[in-house]
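Counting from 1, one number per residue, gives the positions in the sequence shown under full-length UniProt numbering. Built from N, CA and C at the ideal position, the CB exists for glycine as well. Let me begin by presenting the structure, written as structure tokens, before commenting on it.
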Amino acid sequence: MTIVLATPGSDGLDAAVVALREWQSDAAPRQLHPGDVGWFWQLGAQATAAAVRTWSRDGRILAVGLLDGPGLLRITTAPETRRDRELARSVIADVIEPGRGVLPEGAVDVEAPPDALILDQLLEAGWVAGEPWTPLHRDLTEPVPPPAGRIEVVDADRVADRVEVQRAAFGGSSFTTQRWQAMAAGSLYRDARCLIAYADSGAAAAIVTVWSAGPGKPGLLEPLGVHPDHRRRGHGTAITVAAAAALRELGASSAFVCTPSGNLGAVPTYVSAGFQPHAEVRDAHRPG
């Protein structure tokens, strides 16, 4: 059967998320997670649905992509179709041929699992490896020790603190109270939780949002940040431990996160919180 590309819209978004949940596995490499879609939901349900793409054969979804910005397609596939040549050819044609509308001309990136044929074929077509990222993973079979310091769950009274740290930790962030409210109103936030670490002074020092993919599935930390005024004081480790504990409470089998390898402070922080680094991964990049 022919591979069919679709923008599922609001009505079909649930099917794409169900597929993403099913494909999550502790044995699989880092891939697009339902939490990535949940975090995108800060832009609203309509924008989220418009950013999702699915590739199907005979009515079954084989690949799900998220247009995470104008020049980045994040995509994963059903585990058994990672090396499916027909699927890879179809996805690549939809991505790089003019007029298909998935990615614009010029400099763009495609993120896919490192064992996906899609990445191999893009590199063979003249794309180059993008910046390195380090995936990290923590098993949640055993209970997580309590984190140090004061950790609170974000509610309506703490949204301002959540937003303040997000904007301070990530330069150029456009996160707002309204965006948090849109994200929290989304269906995927039912399996998520936002946490804040507070300094002894009472100031909000670090934040994280964690996303479960369901019981027995790996959960995602996205995003995690520490306010510049409170770095190198243990708040990053504390909020990371708290994130792992929250995911275990949500039924996750493990916790994972992926950070730019060039962020020299991030990897040691995650390691100090019990996460194990794995081999670096890279997107496929087409220079402008």
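In the DSSP assignment, what are the bridge partners of residue i?
| i | result |
| --- | --- |
| Glu111 | Arg74 |
| Leu66 | Val52, Arg74 |
| residue 331 | Only positions 1 to 288 of the chain appear in this structure, which leaves residue 331 out of reach. |
| Ala192 | Trp211 |
| Arg150 | Tyr198 |
| Ala204 | Tyr198 |
| Val226 | Ala206 |
| Val281 | Trp133 |
| Pro268 | For Pro268, which the question treats as bridged, DSSP gives no partner whatsoever. |
| Pro8 | Partner(s): none; Pro8 has no beta bridge. |
| Ser57 | Looking at the sequence itself, residue 57 is Arg, so the reference to Ser does not match. The partner list for Arg57 (beta bridge, DSSP) reads Ile3, Arg60. |
| Gln276 | His137 |
| Leu220 | Trp211, Phe256 |
Please state if the CB of residue j and the CB of residue i are separated by a distance shorter than 8 Å.
| i | j | result |
| --- | --- | --- |
| Ala241 | Leu221 | Rather than Ala, the amino acid found at residue 241 in this sequence is Val. It is not a contact, given that the beta carbons lie outside the stated cut-off. |
| Leu72 | Ile92 | no |
| Trp133 | Thr259 | yes |
| Leu117 | Arg74 | no |
| Leu20 | Ala49 | no |
| Glu164 | Ala204 | yes |
| Ala112 | Trp23 | no |
| residue 308 | Arg53 | What the structure shows of the chain is the stretch from 1 to 288, and residue 308 is not part of that stretch, so it cannot be assessed. |
| Asp26 | Ser254 | yes |
| Glu249 | Ser261 | no |
| Leu188 | Gly38 | yes |
| Asp68 | Phe40 | yes |
| Ala168 | His235 | no |
| Gly149 | Ala273 | no |
| Ala246 | Gln42 | no |
| Pro218 | Ala266 | no |
| residue 306 | Ile196 | The shown model of the chain, from 1 to 288, leaves out residue 306, and the question about it has no answer. |
| His278 | Leu136 | yes |
Going straight from the alpha carbon of residue i to that of residue j, what length do you get?
| i | j | result |
| --- | --- | --- |
| Asp115 | Glu131 | 17 Å |
| Ala129 | Ala28 | 21 Å |
| Glu124 | Pro145 | 46 Å |
| Gly35 | Val257 | 11 Å |
| Gly288 | Asp94 | 18 Å |
| Thr177 | Ile151 | 20 Å |
| Gln166 | Gly225 | 7 Å |
| Phe275 | Arg138 | 5 Å |
| Val102 | Thr2 | 18 Å |
| Ala16 | Pro98 | 25 Å |
| Ala185 | Pro268 | 34 Å |
| Ala6 | Asp283 | 23 Å |
| Ala47 | Pro70 | 13 Å |
| Trp55 | Leu87 | 8 Å |
| Arg142 | Val210 | Residue identity check: residue 142 is Glu in the sequence provided, not Arg. Answer to the nearest angstrom: the Cα atoms are 18 Å apart. |
| Asp229 | Ala199 | 10 Å |
| Asp157 | Gly44 | 22 Å |
| Gly59 | Ala51 | 20 Å |
| Val4 | Ala213 | 26 Å |
| Arg244 | His33 | The sequence given here has Ala at residue 244, not Arg. Spanning the two alpha carbons is a distance of roughly 16 Å. |
| Tyr270 | Leu62 | 32 Å |
| Ala107 | Leu119 | 16 Å |
Which residue comes first and which comes last in the beta strand (DSSP E) that contains residue i?
| i | result |
| --- | --- |
| His137 | 128-139 |
| Leu256 | It should be pointed out that residue 256 corresponds to Phe in this sequence rather than to Leu. Start and end: 254-260. |
Taking buried to mean at least 16 other C-beta atoms within 10 Å of its own C-beta, is residue i buried or exposed?
| i | result |
| --- | --- |
| Asp109 | buried |
| Phe170 | exposed |
| Ser90 | buried |
| Val153 | exposed |
| Gln31 | buried |
| Leu264 | exposed |
| Ser201 | exposed |
| Pro104 | exposed |
| Pro215 | exposed |
Could you pull the start and end residues of the alpha helix (DSSP H) that residue i belongs to?
| i | result |
| --- | --- |
| Trp180 | 177-185 |
| Val159 | 159-169 |
| Arg248 | 235-249 |
| Leu123 | 117-124 |
| Gly38 | 34-40 |
| Glu86 | 85-96 |
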